[in-house]
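Engineer:
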Amino acid sequence: MAQKLVVGNWKLNNSFHQATQLMEDIMARLVDVPVDVSLGIAPPYVYLNKAVDLTGHSIKLFIAAQNVAPWGNGAFTGEVSAEMLASIGVDYSLVGHSERREYFNETSDQLRVKVDLLLEHDIHPIYCCGESLQTRKHGNYIEFVSQQIEEVLFHLTQDQIQKCVIAYEPVWAIGTGETASPEQAQEVHAAIRDLLRSKYGAETAGQISILYGGSCKPSNAKELFSQEDINGGLIGGASLNADDFIAIAKSF
Ligand code: PGA
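If you read the sequence shown in the working numbering, its first letter stands for residue 980, the second for the next number, and so on.
Right, dumping it as structure tokens:
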């Protein structure tokens, strides 16, 4: 069975004081989260160290980076390497969020290197994929998402792919208030599961968590998470409020 996961992506939000308060509020409510659900928080880089400290190395809540450099340590001003993230106890990292693809021109070639560097340092990649509104309207969204996954993940071994999480985030649903319907999301999640099955076999495919992201909130999480191939969520806006975030985590 795939692990149930709810991961908060704070993006470029919160002062240090606000971030600390939010972390503390979430930690205080962890007892309300069902035992079979794990939580993750992806704060901005500058708060990662503090966030790791505040978790007290809880097994219930892990800290994730929002990004990682596609290089090892060296002369790359302004970047943060997988080795650095590992050295402060970061266990997961987003890779290929649609905002990074769009605003920072991240390509499949770069994303493949990021995935490799993370795995080299025992950090679990949360690989984000998803189609634009244009691709959705054109009708070839399953092929598009499949290609994003094949190009970046399909060189991995069986052991390596099992350490990855996949987040399906239709770009037209991110931050727009427009959620994919449970049926729309399930259709793509099932296709991703099939793709993984064809490459890595049924057992491995069944163990990989596939998260839905895009305007997921307390009012729609239950319906989304009840779909067969949706193992949790990658939450943007609603993860900035501890009550909403915990309510989502209780929606399985
Ligand atoms: P949203 O963002 O929940 O605010 O739509 C999700 C994401 O971008 O990960």
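Ideal Cβ positions, reconstructed from N, Cα and C, are used throughout, including at glycine.
1) Could you tell me which uninterrupted alpha helix (DSSP H) segments, each at least 4 residues in length, are contained entirely in the segment 1022–1071, listed from first to last along the chain?
2) Taking 7 Å as the cut-off, is the CB of S1230 close to at least one heavy atom of ligand 1?
3) When DSSP builds the beta bridges, which residues end up paired with I1189?
4) Below 8 Å, how does it come out for the segment 1007–1020 and the segment 1044–1053: are there three or more Cβ pairs, yes or no?
5) Just checking my contact of K983 with N1210 at CB under 8 Å: how many whole Å lie between their CB atoms?
6) Looking only at C-alpha atoms, which of V1016, V985, P1023 sits nearest to H996?
7) V986 and I1214 look like a contact to me (Cβ under 8 Å); what is the Cβ gap, rounded to whole Å?
8) Give the secondary structure of I1102 by DSSP, where H, G and I count as helix, E and B as strand, and everything else as coil.
9) For a quick check, are the C-beta atoms of A1217 and C1195 less than 8 Å apart?
10) From the DSSP output, in three-state form, read off S994 for me.
Structural biologist: So, to answer that:
1) 1027–1034, 1061–1066
2) Within the sequence shown, the letter at position 251 stands for residue 1230. Checking every heavy atom of ligand 1 against the Cβ of S1230, none is found closer than 7 Å.
3) The residue you call residue 1189 lines up with position 210 of the sequence shown. Per DSSP, I1145.
4) no
5) Indexing the sequence shown from 1 puts residue 983 at position 4. Indexing the sequence shown from 1 puts residue 1210 at position 231. Between N1210 and K983 the Cβ distance is about 6 Å, and since that is below 8 Å, they are a contact.
6) Within the sequence shown, residue 996 is the residue found at index 17, counting from 1. Restricting attention to V1016, V985, P1023, the CA atom closest to the CA of H996 is found in P1023.
7) Within the sequence shown, the letter at position 7 stands for residue 986. Within the sequence shown, the letter at position 235 stands for residue 1214. Going by Cβ atoms, the distance from V986 to I1214 rounds to 7 Å, so yes, they are a contact pair.
8) Here residue 1102 is taken as the residue at index 123 of the sequence shown, counted from 1. Three-state DSSP puts I1102 in coil, outside helix and strand.
9) Residue mapping note: residue 1217 aligns to position 238 of the sequence shown, counting from 1. Residue mapping note: residue 1195 aligns to position 216 of the sequence shown, counting from 1. In contact: A1217 and C1195 (Cβ atoms closer than 8 Å).
10) Locating residue 994 in the sequence shown gives position 15, counting from the first residue. Residue state, collapsed to three classes: coil.
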